[in-house]
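S.K.: Counting from 200, one number per residue, gives the positions in the sequence shown under our numbering.
We treat Cβ as the ideally placed atom computed from N, Cα and C, and that holds for glycine.
In this text the structure is predicted, and so the values were computed from the model without any measurement.
To start, I am sharing the structure in question, which I have written as structure tokens.
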Amino acid sequence: MSVYGKVRKITTHVLKEMKHSGEKIAMLTAYDYSSAKIIDAAGIDVILVGDSAANVMAGYDSTLPITLDEMIYHAKSVVRAVDRALVVTDMPFGTYQGNSTLALASAIRIMKETGSHAVKMEGGAEIKESIIRILSAGIPVMGHLGLMPQSIHKYGTYVVRAKGKEEAEKLVSDAKILEEAGCFAIVLEKIPAILAKEIAQAVKIPVIGIGAGNGVDGQVLVLHDMLGITQEFSPRFLRRYHNLYKEIFGAVENYIKDIRTQDFPNEKEQY
Ligand code: KIV
200 MSVYGKVRKI TTHVLKEMKH SGEKIAMLTA YDYSSAKIID AAGIDVILVG DSAANVMAGY
260 DSTLPITLDE MIYHAKSVVR AVDRALVVTD MPFGTYQGNS TLALASAIRI MKETGSHAVK
320 MEGGAEIKES IIRILSAGIP VMGHLGLMPQ SIHKYGTYVV RAKGKEEAEK LVSDAKILEE
380 AGCFAIVLEK IPAILAKEIA QAVKIPVIGI GAGNGVDGQV LVLHDMLGIT QEFSPRFLRR
440 YHNLYKEIFG AVENYIKDIR TQDFPNEKEQ Y
């Protein structure tokens, strides 16, 4: 086990030390008590209560509809399960963009009502004022650049971002703005690996990638995707570690069969 595997509680400070010592950070999403308990016990460093809950938990086709109350419900369930990991909760669409007073109020609700350790927000220069206001209240902020799913209607597509010079330059500048503002880490989603590596080298804070290659300081995936519960979503960056859809499907088929054949419950399974 690495030095950091033995750390009793992951803090934003530990994550910065991990970057500087070259130890890669492992991050996954979770939205409920039971799965958060498993991934925390398995040694995950950061648990993101992502607004991807809108997709994988609620079945929406974007992250936009999920509400602050719904995110708070998911985050509370996760926090109750976690002993070691740093829990970061996404600020949902519409709770921080363009209004730093609203942003601070939303972040305070997340911290106060859920016990999360930090919040995550999508955007660069445009949301700098909100980030600074939240940080001034002592709330750690993780940034999120590159493909930002809350802006899907602006992009019109989920393709790789920042392939062109202009967007790449803005991304580098936004990453520096987030660092200067005081963010403790940045997620980079679906951008060229070479650009992600350049950004990870240009800033001192940890850069966590999803579809951003291995030149960054850590990786994040959506739990339901890496476990193979979701089947329809298959981007190139996704490594599936299991086919849980198949496992659950088979178990349910067997359960139905056992009921139909009156094999379940048997004598030992009754009172
Ligand atoms: O909501 C989410 O799951 C995320 C990850 C994809 C980084 O933001």
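Kindly list the residues whose CB is nearer than 7 angstroms to the CB of Leu303, restricted to its own chain and excluding five residues on each side of it in sequence; keep chain order.
M.R.: Against the sequence shown, residue 303 aligns to sequence position 104. Excluding sequence neighbours, Leu303 sits near Arg332, Ile333, Ala336.
S.K.: Would Pro405 count as contacting chain B if we go by Cβ distances under 8 angstroms?
M.R.: Judged by its chain identifiers, the structure shown contains no chain B, having just a single protein chain.
S.K.: I think Ala274 touches Thr313, with their Cβ atoms under 8 angstroms apart; what is that distance to the nearest whole Å?
M.R.: As a first step, residue 274 must be located in the sequence shown, where it is residue number 75. As a first step, residue 313 must be located in the sequence shown, where it is residue number 114. Right, their Cβ atoms sit about 4 angstroms apart.
S.K.: Sort Ile455, Ala374, Gly414 by Cα distance to Met320 and report the nearest one.
M.R.: Residue 320 sits at position 121 when you count from the first residue of the sequence shown. Looking at the Cα atoms, Ala374 is the closest of the given residues.
S.K.: What ranges does the alpha helix (DSSP H) occupy inside the segment 259-321, keeping only unbroken runs of at least 4 residues that lie completely in it?
M.R.: Fully enclosed alpha helix (DSSP H) runs of 4 or longer: 267-280, 299-313.
S.K.: Are there any heavy atoms of ligand 1 lying less than 7 angstroms away from the beta-carbon of Asp289, as far as the coordinates show?
M.R.: The count along the sequence shown starts at 1 and reaches residue 289 at position 90. Asp289 Cβ: within cutoff of ligand 1.
S.K.: Hey, Ile404 and Glu366: beta-carbon distance below 8 angstroms or not?
M.R.: Working through the sequence shown from its first residue, we reach residue 404 at position 205. Working through the sequence shown from its first residue, we reach residue 366 at position 167. No.
S.K.: Between which two residues does the beta strand (DSSP E) holding Thr211 run?
M.R.: Stepping through the sequence shown from its first residue, residue 211 is reached at position 12. Counting along the chain, Thr211 falls outside any beta strand (DSSP E), though it belongs to the alpha helix (DSSP H) covering 211-220.
S.K.: Mind checking which residues open and close the beta strand (DSSP E) that includes Gln418?
M.R.: Taking the first residue of the sequence shown as position 1, residue 418 is located at position 219. That run of the beta strand (DSSP E) goes 417-420.
S.K.: Where does Lys362 land, buried or exposed, given buried means 16+ other C-beta within 10 angstroms?
M.R.: Start at 1 with the first residue of the sequence shown, and residue 362 comes out as number 163. Lys362 should be labelled exposed.
S.K.: What residue does the beta strand (DSSP E) around Ala384 start on, and which one ends it?
M.R.: Locating residue 384 in the sequence shown gives position 185, counting from the first residue. Its beta strand (DSSP E) spans residues 384-388.
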